[in-house]
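As you go down the protein sequences, you meet chains A and B in turn. If you want the numbering used here, it's the 1-based position in the first sequence plus 1418. If you want the numbering used here, it's the 1-based position in the second sequence plus 1418. Worksheet for the structure shown next.
Protein chains: 2
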Amino acid sequence: MTRKKVKLAFIVNDSARKATFKKRKKGLLKKVDELSTLCGIDACAIIYSPYDPQPEVWPSPLGVQQVLSKFRRMPEMEQSKKMVNQESFLRQRIAKSTEQLKKQTKENREKEMTQLMFQYLGEGNIMHNVNMLDLNDLAYLIDQYLKDINRRIELLTRESQSQSQPPMPPPPVVKDEVANVEEEGQGSHAQQGLNINMDSMQPKENWFVNLMSGANVDQPHVFGDANQQSGFWPNTFFH
Amino acid sequence: MTRKKVKLAFIVNDSARKATFKKRKKGLLKKVDELSTLCGIDACAIIYSPYDPQPEVWPSPLGVQQVLSKFRRMPEMEQSKKMVNQESFLRQRIAKSTEQLKKQTKENREKEMTQLMFQYLGEGNIMHNVNMLDLNDLAYLIDQYLKDINRRIELLTRESQSQSQPPMPPPPVVKDEVANVEEEGQGSHAQQGLNINMDSMQPKENWFVNLMSGANVDQPHVFGDANQQSGFWPNTFFH
DNA sequence: TGGCCTATGTATAACGA
DNA sequence: TTCGTTATACATAGGCC
């Protein structure tokens, strides 16, 4: 937990294990002591170690006996009910870690796709090594961007009109080529780093459809691996 | 323990106490889990709380039972032997604090006495408000200084003689007025800040005896308070 | 109430004497 | 081995939903 992130596993080196044991046992008892003091609760701890035939107990043999008798007095069934046991404890920890991993993965995926998009826009050519999952996510991402752009255009148009200027022709709405997408996007992803030059974008507005229409089927597209779970966007496309 | 150093005492506010309890209980169980994993030892914990009629146990009801049966199988006498109980735990903590306090007190005392000595040498007058304990320690300190001075003189004398110069009269050894002092001084205290002018010191060489011989009994000397423990030097004087 | 966040206090791994 | 020290990781009090 310091100098190096220790791997949570049995320490093979004997002396290191003993040293760690002593330190951590001390820290643990301090924690128990503090918890007991701060919250005024009964608690006890029993620790067996290979370094001593006697277990170490807290807060005292008598204190342990008292807590234990209270515990043993309880019917067996009651004891198992609502208890925190190792399984549920580990389950909680795993769930939390999984949650964090998911969050991070989503974030990574988003960055990946953004990079991919700008790479295409920059090089203006056909994309290599792009698989179906990437295309799904990319399509969604771009769709969000396009929607955001249209929203901005509309906003600007209304502002112009509210300033009582002569009516203008309808604005050049960027066409949303990806159809049947639910209207659930909040466009939050578009809020950062969207400094695209509209002029340079216009001629490419339907690049995605071209890409998908089979014009480049000879490219070595890698298609979806069943084991690969994107999970980045709602899986609503191509399924 | 964050944002503010929490006082280790019962938390009066109910909701705050409950929140702290939940957090700390979780942390505690994690610690127990880690200790168990890292060091491969059997351990269990039982925690009663006012928030649940059931105690929380670790690692599992079965695991607790196993550890407990191991524990109960032990003769009562054995249980109390070599155990870490609350009393010895606190005793250890107190011992450590006491040790630190002692060290600091000794250091302070030394500085006090040194200051007192130079104050006397500087003002060249009778000392007021000096009690017997101070005199004890001061005498010891000065004795150490004198011994160191004589040692230096002797060293210088020998150097002169080894240079084959005509024999000199015996050097003016500073007389050690404080008798029956064991020869255990290492003079370490004299190594720093001893820049006393020997000439100005000579006429005062027996100030301490004068002070003690009754010449100043009219001075309001405060004598030793039984409750006051100096503990600075070995208590070999005036006892 | 219950989770989440962040600034800070603690615990402790690694190392040196 | 057992201290003491130092650099880091972790735990968590107090806020804010």
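Every residue gets a Cβ at the ideal spot worked out from N, C-alpha and C, and that includes glycine.
Mark residue 1431(A) as exposed unless 16 or more other C-beta atoms lie within 10 angstroms of its C-beta, in which case mark it buried. Residue environment for residue 1431(A): exposed (fewer than 16 other C-beta atoms within 10 angstroms of its C-beta).
Okay, do the segment 1461-1469 of chain A and the segment 1433-1441 of chain B touch, 3+ Cβ pairs below 8 angstroms being the bar? In the pairwise beta carbon analysis, the segment 1461-1469 of chain A is classified as not touching the segment 1433-1441 of chain B: fewer than three pairs are separated by under 8 angstroms.
Helix, strand or coil at residue 1475(A) according to DSSP, with G and I counted as helix: Secondary structure at residue 1475(A): strand, using DSSP grouped into helix, strand and coil.
Helix, strand or coil for residue 1460(B), going by three-state DSSP, please let me know. Secondary structure of residue 1460(B) (DSSP, three-state): coil.
Taking C-alpha atoms, which residue in 1533(B), 1572(B), 1482(B) lies nearest to residue 1555(B)? Ranking the options by Cα distance to residue 1555(B), first place goes to 1533(B).
Figure out for me which residue from 1558(A), 1520(A), 1572(A), 1440(A) has the closest Cα to the Cα of residue 1467(A). For the residues 1558(A), 1520(A), 1572(A), 1440(A), the minimum Cα distance to residue 1467(A) belongs to 1440(A).
For the candidate residues 1510(A), 1559(A), 1557(A), 1425(A), whose alpha-carbon lies nearest to that of residue 1455(B)? Checked all of 1510(A), 1559(A), 1557(A), 1425(A); the closest Cα to residue 1455(B) is 1425(A).
Should residue 1512(A) go down as buried or exposed, given a rule of 16 or more other Cβ atoms within 10 Å for buried? Result: exposed.
Counterpart residues of residue 1465(B) in DSSP-defined beta bridges: Bridge pairing for residue 1465(B): 1461(A), 1474(B) [DSSP].
Distance cutoff 8 angstroms, beta carbons only. Does residue 1570(B) sit that close to anything in chain A? For residue 1570(B), the answer is no, since every Cβ of chain A falls outside 8 angstroms of its Cβ.
In angstroms, rounded to a whole number, what distance separates the CA positions of residue 1447(B) and residue 1446(A)? Rounded to whole angstroms, residue 1447(B) to residue 1446(A) spans 9 angstroms at the Cα level.
Could you check what DSSP says for residue 1422(A) in three-state terms: helix, strand or coil? DSSP places residue 1422(A) in strand when its eight states are reduced to three.
Suppose you measure from the CA of residue 1566(A) to the CA of residue 1573(A); what does that come to, to the nearest Å? C-alpha separation (whole angstroms): 11 angstroms.
Under 6 angstroms Cβ to Cβ from residue 1474(A), same chain only, skipping five residues before and after it: list those, please. Cβ within range, chain order: 1465.
Going along chain A in order, which residues have a C-beta closer than 8 angstroms to the C-beta of residue 1388(B)? Residue coverage of chain B in this structure runs from 1419 to 1657, which leaves residue 1388(B) outside it and unanswerable.
Looking at residue 1535(B) and residue 1560(B), is the spacing between their C-beta atoms short of 8 angstroms? Going by C-beta atoms, residue 1560(B) is nearer than 8 angstroms to residue 1535(B).
Amino acids of chain B, ordered along the chain, whose beta-carbon sits closer than 8 angstroms to that of residue 1461(A): In chain order: 1463, 1464, 1465, 1466.
Cβ neighbours of residue 1613(A) in the same chain (closer than 6 angstroms, five flanking residues each side left out): Low local confidence applies: a pLDDT of 40 at residue 1613(A) is under 50, so the model's placement there is unreliable, and no value is given.
State buried or exposed for residue 1469(B), treating a residue as buried only when at least 16 other CB atoms are found within 10 Å of its CB. With fewer than 16 other Cβ atoms within 10 Å, it is exposed.
Note down the Cα distance separating residue 1531(B) from residue 1552(B), rounded to an integer number of angstroms. In this structure, the CA atom of residue 1531(B) is about 7 angstroms from the CA atom of residue 1552(B).
Indicate whether residue 1453(A) and residue 1442(B) have their beta-carbon atoms separated by less than 8 angstroms. Yes, the Cβ-Cβ distance between residue 1453(A) and residue 1442(B) is below 8 angstroms.
With a threshold of 8 angstroms between beta carbons, is residue 1516(A) in contact with chain B? It does not: the Cβ of residue 1516(A) has no partner Cβ on chain B nearer than 8 angstroms.
Kindly say whether residue 1435(B), judged by its beta-carbon, lies nearer than 8 angstroms to any beta-carbon of chain A. For residue 1435(B), a Cβ of chain A is located within less than 8 angstroms of the residue's own Cβ.
Where residue 1429(A) meets chain B, residues with beta-carbon distance less than 7 angstroms: Here the neighbours are 1456, 1457.
So which of 1472(A), 1437(A), 1458(A), 1451(A) has the shortest CA-CA distance to residue 1488(B)? The shortest Cα separation from residue 1488(B) among 1472(A), 1437(A), 1458(A), 1451(A) belongs to 1472(A).
Assigned secondary structure, residue 1557(B) (DSSP; H/G/I helix, E/B strand, else coil): The three-state secondary structure of residue 1557(B), taken from DSSP, is helix.
Round the Cβ separation of residue 1449(A) and residue 1449(B) to the nearest angstrom and send it over; I've been treating them as touching at under 8 angstroms. 6 angstroms between Cβ atoms; contact.
Which of the three DSSP states is assigned to residue 1437(A) in this structure? DSSP, reduced to helix, strand and coil, places residue 1437(A) within a helical segment of the structure shown.
Determine, using beta carbons only, whether residue 1453(A) comes closer than 8 angstroms to chain B. With 8 angstroms as the cut-off, residue 1453(A) counts as an interface residue toward chain B.
What three-state label does DSSP hand residue 1619(A) in the structure shown? Because the pLDDT of residue 1619(A) is 41, which lies under 50, any placement of that residue in the model is unreliable, and the number read from its coordinates should be weighed accordingly. Helix.
Since I believe residue 1457(B) is in contact with residue 1516(A) (beta carbons under 8 angstroms), could you give me their beta-carbon distance rounded to a whole number of angstroms? With a Cβ gap of about 27 angstroms, residue 1516(A) and residue 1457(B) do not count as contacting.
Measuring CA to CA, which of 1429(A), 1451(A), 1427(A), 1428(A) is closest to residue 1427(B)? Nearest C-alpha to residue 1427(B): 1451(A).
When burial is assigned at 16 or more other CB atoms within 10 Å of the CB, is residue 1562(A) buried or exposed? Answer is buried; the Cβ neighbour count reaches 16.
Is the beta carbon of residue 1486(B) less than 8 angstroms from the beta carbon of residue 1486(A)? Cβ distance < 8 angstroms, so residue 1486(B) and residue 1486(A) count as in contact.
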